[in-house]
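Here the sequence shown is numbered in the numbering used here, starting from 1050 and rising by one per residue.
Worksheet: the structure to be examined is printed underneath.
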Amino acid sequence: MKVLCVLYDDPSNGVMPKPRDLPVLEQYPDGQTLPTPSAVDFEPGELLGCVSGELGLRKFLEDNGHELVVTSDKDGEGCTADKELVDADIVISQPFWPYYLTREKMESAPNLKMAITAGIGSDHVDLQAAIDNNVEVMEVTYCNSRSVAEHIVMMVLALVRDYHTQHKIVNDGGWNIADAVSKSYDLEGMNVGTVAAGRIGLDALKKLKAFDVKLHYFDKHRLPAEVEEEVGLTYHDSVESLVQTCEVVTINCPLHPETEGMFNKELIDQMKPGSYIVNTARGKICNRQDIVDALESGQLAGYAGDVWFPQPAPNDHVWRTMPNHGMTPHTSGTSLTAQARYAAGVREILEKLFAGEKQRDEYTIVSNGGLAGVGKHSYTEGSATSGSEEAAEYKSV
């Protein structure tokens, strides 16, 4: 089989970091086991998500008679990924450097059997087209959920304490304390809520509980009463109720047609004036210009997003320069720790495919012409890939 792997570029200085010993985890908090491939051809802690890292797959694939093509050139007419996709059997991409597998691209690849997300979140794949063309869609569920939850805690504290302003003052050679603290507050006592309380959202709230905040959540699947009691959660039956109550809102739902553009002017105007949004889910869940307008008016005191649309974001994307932001380039789920897990998970998926074995339900998004496994729980039919061609406007600097 031909495997096309679309990964982000190597380090700009050309130097791959030396791996360090990583903590050994046996299982995730809910009991799900970590990826269990027969073996791996990498050392945990290596930079695996870039082109040279190859997710540690080359030896395994070539030793078993398969072809591996790796590229970072994924956007714009005539890009390498599009050319190689035409006769590919499998395509692997990452949420951090997504290869937007639109219907048109999918239908250009008659051999395509499977699209694998090396990470979590398969919205860069047109799920409806995958259903219609009987292409299986897999992702490595839970591999980087806890990594993202840590990033959420970092972003919440950075926004509420206004860390970015204080750090800039130091870098600029200043020492004006009044300027440094004029928008800095304690998180303690605030109402913090998550839109979706799955693995990431719930873990983030558990981590934030130590700051003596009041915890809230909205999810279309309500948590068991014992979980609500144990963590100290208040359930809301609508997003509107949640945002009207909380000073800090973290978005952790998947992107699909029902959630696209959810945080628009109408919803943001219902938030408490001076609230904060942390979005590590998907950029397209928020209306781009409405976020900017709310920051400029003061309706939002801060917005920290690890996700954009499209990715990479065009150089002139307004979120790069909007006031009071704490944006990062979708790094929350691709720490070196997380990379070891999602690379191992991709290999597990490939091993099962080649052996004709059933895939884990936890990893399955689309199978047998329909949403399946965790996909049936988390996604809706349709596509959220429209507009992704804008990613071609990014030019590396």
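Where a beta carbon is used, it is the ideal one built from N, C-alpha and C, also for glycine.
No experiment lies behind these values; they were computed from the predicted model shown.
Nearest-angstrom beta carbon gap, residue j and residue i [assumed within contact, 8 angstroms]
i	j	result
Ala1158	Leu1176	Ala1158 to Leu1176, Cβ: 16 angstroms. No contact.
Val1244	Val1288	6 angstroms
Gly1332	Thr1299	Contact doesn't hold; Cβ gap of about 14 angstroms is too wide.
Val1186	Ala1179	5 angstroms
Leu1236	Leu1206	6 angstroms
Tyr1077	Tyr1191	5 angstroms
Cys1302	Asn1240	Incorrect: roughly 19 angstroms between the Cβ atoms, too far for contact.
Glu1092	Pro1068	5 angstroms
Gln1408	Ile1398	6 angstroms
Ile1457	Lys1162	Lying outside 1050 to 1446, the shown extent of the chain, residue 1457 is not represented and no answer is given.
Leu1150	Val1119	Contact flag wrong, Cβ pair sits at about 17 angstroms.
Among the options, nearest to residue i - alpha-carbon criterion
i	options	result
Glu1400	Asn1062, Asn1113, Leu1097, Lys1051	Asn1113
Phe1312	Glu1278, His1285, Tyr1352, Leu1282	Tyr1352
Glu1411	Leu1083, Asp1058, Leu1071, Ser1061	Leu1083
Glu1156	Phe1145, Ser1171, Leu1420, Asp1136	Asp1136
Lys1232	Ala1441, Lys1425, Glu1397, Asn1373	Asn1373
Tyr1234	Asn1183, Val1209, Val1356, Ala1387	Val1209
Val1100	Leu1056, Leu1071, Gly1419, Ser1142	Leu1056
Asn1257	Val1202, Lys1269, Tyr1266	According to the sequence as given, residue 1257 is Leu; it is not Asn. Residue Val1202 is the option with its Cα nearest to Leu1257.
Leu1110	Gly1375, Arg1409, Ser1121, Cys1054	Cys1054
Val1292	Val1280, Glu1315, Leu1272	Glu1315
Ile1317	Leu1097, Val1341, Ala1164	Val1341
Leu1117	Gly1323, Trp1368, His1216, Met1050	Met1050
Gly1323	Gly1347, Gly1375, Thr1308, Asp1228	Gly1347
Pro1273	Glu1430, Ala1246, Thr1386, Lys1263	Ala1246
Gly1424	Ser1171, Gly1098, Asp1286, Gln1319	Ser1171
Phe1145	Gly1354, Ala1227, Ala1404, Tyr1428	Gly1354
Classification of residue i by the beta-carbon crowding that lies within 10 angstroms, buried from 16 upward
i	result
Ala1167	buried
Met1065	exposed
Lys1154	buried
Ala1433	buried
Asn1417	exposed
Thr1383	buried
Lys1123	buried
Trp1224	exposed
Val1446	exposed
Asn1193	buried
Ser1061	exposed
Asn1336	buried
Ser1087	exposed
Leu1420	buried
Gly1063	exposed
Val1219	exposed
Thr1370	exposed
Asp1252	buried
Asp1339	buried
Thr1085	exposed
Ala1227	exposed
Residue i CB to nearest heavy atom of the ligand FMN below 7 angstroms
i	result
Val1230	No copy of the ligand FMN occurs in the structure displayed, which carries no ligand at all.
>> Between the stretch 1377 to 1395 and the stretch 1194 to 1201, can you find at least three pairs of beta-carbon atoms closer than 8 angstroms?
In response: Result yes; three or more Cβ-Cβ pairs closer than 8 angstroms.
>> List, from N- to C-terminal side, the beta strand (DSSP E) runs of 3 residues or more that fit wholly inside the stretch 1142 to 1191.
In response: 1163 to 1166, 1185 to 1188
>> Quick check on the DSSP output: what are the complete alpha helix (DSSP H) runs of length 4 or more inside the stretch 1253 to 1284, in order along the chain?
In response: 1274 to 1280
> Which whole runs of the alpha helix (DSSP H) in the stretch 1057 to 1124 are 4 residues long or more, in chain order?
Replying inline: 1107 to 1112
> For the stretch 1352 to 1409, which segments carrying the alpha helix (DSSP H) assignment without a break, of at least 4 residues, lie completely within its bounds, in sequence order?
Replying inline: Fully enclosed alpha helix (DSSP H) runs of no fewer than 4 residues occupy 1385 to 1404 of the stretch 1352 to 1409, in order along the chain.
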